[in-house]
Amino acid sequence: MKMSKWGTIVGSILLFWITTTQALANESIRSGKWEGSFQIIGADDQFIESYEGSTLEIKDDLGWGFTLGYNFNPHVAVNFEMVATRPTYKANLIDDNGNEVPEIHHKADIWHSQFNLVYNVFSTKFTPYVQAGVGWTYIDSNIASAPPEGVCWWDPWWGWICDTYQATYNDSRFSYNGAVGLKYEFDNYSFVRAGVGMNFVSTNSGEDLDLTVVKLEIGSLF
118 MKMSKWGTIV GSILLFWITT TQALANESIR SGKWEGSFQI IGADDQFIES
168 YEGSTLEIKD DLGWGFTLGY NFNPHVAVNF EMVATRPTYK ANLIDDNGNE
218 VPEIHHKADI WHSQFNLVYN VFSTKFTPYV QAGVGWTYID SNIASAPPEG
268 VCWWDPWWGW ICDTYQATYN DSRFSYNGAV GLKYEFDNYS FVRAGVGMNF
318 VSTNSGEDLD LTVVKLEIGS LF
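Following this line, the structure appears as structure tokens:
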């Protein structure tokens, strides 16, 4: 998936909004209100290399997310954002002795949790916006790190229940983001928002993970 494809989709949406001049004349009612949204995410591919020579190639992927935020006034808002993707990846690893490990092909679970500050340029229903935020990113390789373990617990309704648990290689890292886009509010308190941004994840072992993302959101004020 090329980012140009996503750029065309988002560009078409933004062009429609820009030509809606009536929206520019209508004042927003978002001041003092909460808002929530559901997101469809397009994440670009990424290639990073560690100091030891290991490489990781993450394929582009579609994901989803949600936000919950509060508008202090027509211009300033804060929100909590959660984004999830499950991309395919290819890893070429170098062990502690400098030997190359057989190539790994698998799927990873990536969760971004961010606290964002949003600035709406206009006080109208249609407005460009800029966003910056910090938080953490959880990455699960879905590669087993230990043998399966059995665990049992007592349930008052069903009695003893047993299951197995498989530990995997995973990690949580500090991350931050920046984004720009456009937002349009409808008269029924719903809104749509589209933007493009970057998520930066600190790895501490080589190149940072810099993910380009395109977002399309549908939400509501309340």
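Letter 215 of the sequence shown, counting from 1, is numbered 332 in this note's numbering, and no numbers are missing. All C-beta atoms in this analysis are idealised placements derived from N, C-alpha and C, irrespective of residue type, glycine included. Keep in mind that this is a model prediction, so the values were computed, not measured.
Asked: N-terminal and C-terminal residue of the beta strand (DSSP E) that PHE291 is part of; Found: 285 to 302
Asked: Where GLN283 falls, given that 16 or more other Cβ within 10 Å makes a residue buried; Found: exposed
Asked: Euclidean distance between Cα positions of GLY250 and TRP228; Found: 15 Å
Asked: Under 8 Å between C-beta atoms of THR254 and ARG203; Found: no
Asked: CB-CB length for SER154 against PHE183, believed under 8 Å; Found: 7 Å
Asked: Cβ contact (3+ pairs, closer than 8 Å) linking the stretch 196 to 214 and the stretch 159 to 178; Found: yes
Asked: Candidates GLY159, LYS150, ASP178, ALA201: closest to GLY186 by CA position; Found: LYS150
Asked: THR281 vs PRO265 beta-carbon contact at 8 Å; Found: yes
Asked: GLN163 vs ASP327 beta-carbon contact at 8 Å; Found: yes
Asked: Residue range of the unbroken beta strand (DSSP E) whose run includes VAL313; Found: 307 to 318
Asked: Same chain only: Cβ atoms within 6 Å of SER319, ignoring 5 sequence neighbours per side; Found: ARG290, PHE291, ASP325
Asked: Any non-hydrogen atom of the ligand ZN within 7 Å of SER292 CB; Found: You won't find the ligand ZN in this model; it holds no ligand whatsoever.
Asked: Alpha-carbon to alpha-carbon, ASP161 and SER230; Found: 18 Å
Asked: Under the three-state DSSP convention, the category LYS207 falls into; Found: strand
Asked: Under 8 Å between C-beta atoms of LEU338 and GLU198; Found: no
Asked: Cβ-Cβ separation, ILE256 to ALA225 (assumed contact under 8 Å), whole Å; Found: 6 Å
Asked: Alpha-carbon to alpha-carbon, ASP288 and PHE239; Found: 40 Å
Asked: Buried versus exposed call for ASP212 [16 or more other C-beta atoms within 10 Å across all chains shown]; Found: exposed
Asked: Through-space distance from PRO219 to ALA263, alpha-carbon basis; Found: 18 Å
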